[in-house]
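Student: For the sequence shown, numbering that gives the first Met the number 0 begins at 0 and goes up steadily by one.
No residue lacks a Cβ here, since even glycine has one placed at the ideal position from N, Cα and C.
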Amino acid sequence: MSYDPDNIFAKIMRGEIPCHKIYEDAHNFAFLDIMPRAPGHTLVIPKTPAVNLLDIAPDDLCELMRAVHKLAPVVKQAMGADGLMIQQFNEAAAGQMVFHIHFHIVPRYAGTPLKAGGQVMEDDALLQAHAAKIREALAG
Ligand code: 5GP
């Protein structure tokens, strides 16, 4: 599959579609999932155009993992989670729905089952509050 520069995450990065932004550096961008599997569900994407793990350049993947590694503990702490799940899907057959590579950082709480992914739109005020919490933890 070739990269579509008009995919939804590319539009979010260009500011054409709003998001609850968490983080940005020279290589990466992170924001809250609009249909989260748990409170604080964060998506980390590279600025480089890549569909998934099968076409991203190794150096870009390393930079992306730096951001995942930086943000994961911050998300866990900010959301008061007991653990974290990191997910990344490649191709539709594996569950990929947006074709700009992304890692999911999903806070997990002991005894709380995951919600289904990508199905129920979260309340915008709640997303705003969660994003503010994570940004605050990142700044502190
Ligand atoms: P995947 O491609 O790994 O299956 O997941 C794509 C993720 O993107 C889903 O969890 C879905 O909820 C999320 N998503 C889809 N459209 C949007 C959007 O417009 N904004 C945000 N913030 N997340 C989205």
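#1: Is it true that the stretch 0 to 11 meets the stretch 119 to 127, where meeting means three or more beta-carbon pairs spaced less than 8 Å apart?
#2: Given that a residue counts as buried once 16 or more other Cβ atoms are within 10 Å of its Cβ, and exposed if not, what is Thr191?
#3: Could you tell me whether the stretch 120 to 134 touches the stretch 80 to 97, using the rule of 3 or more Cβ pairs below 8 Å?
#4: Check whether the Cβ of Gln95 lies closer than 6 Å to any heavy atom of the ligand 5GP, and answer yes or no.
#5: In whole angstroms, what is the alpha-carbon distance linking His129 and Ala25?
#6: Which residues bound the alpha helix (DSSP H) around Ala9?
#7: Could you say which of Phe30, Val50 and Leu113 lies nearest to Ala66 if we only look at CA atoms?
#8: Verify the contact flag: Asp54, CB atom, against every heavy atom of the ligand 5GP, threshold strictly below 6 Å.
#9: So for Pro112, helix, strand or coil by DSSP?
#10: Determine the extent of the alpha helix (DSSP H) in which Arg107 is found, giving its start and end residues.
#11: What number of angstroms, rounded off, separates the C-alpha of Phe8 from the C-alpha of His99?
#12: Pairing CB atoms from the stretch 105 to 112 with CB atoms from the stretch 130 to 137, are three or more of them under 8 Å?
Tutor: Answer, in terms of the structure:
#1: no
#2: Past the edges of the chain, shown from 0 to 139, lies residue 191, and the structure says nothing about it.
#3: no
#4: yes
#5: 24 Å
#6: Ile7 to Met12
#7: Phe30
#8: no
#9: coil
#10: Note, Arg107: premise wrong, no alpha helix (DSSP H); beta strand (DSSP E) at Phe102 to Arg107.
#11: 6 Å
#12: no
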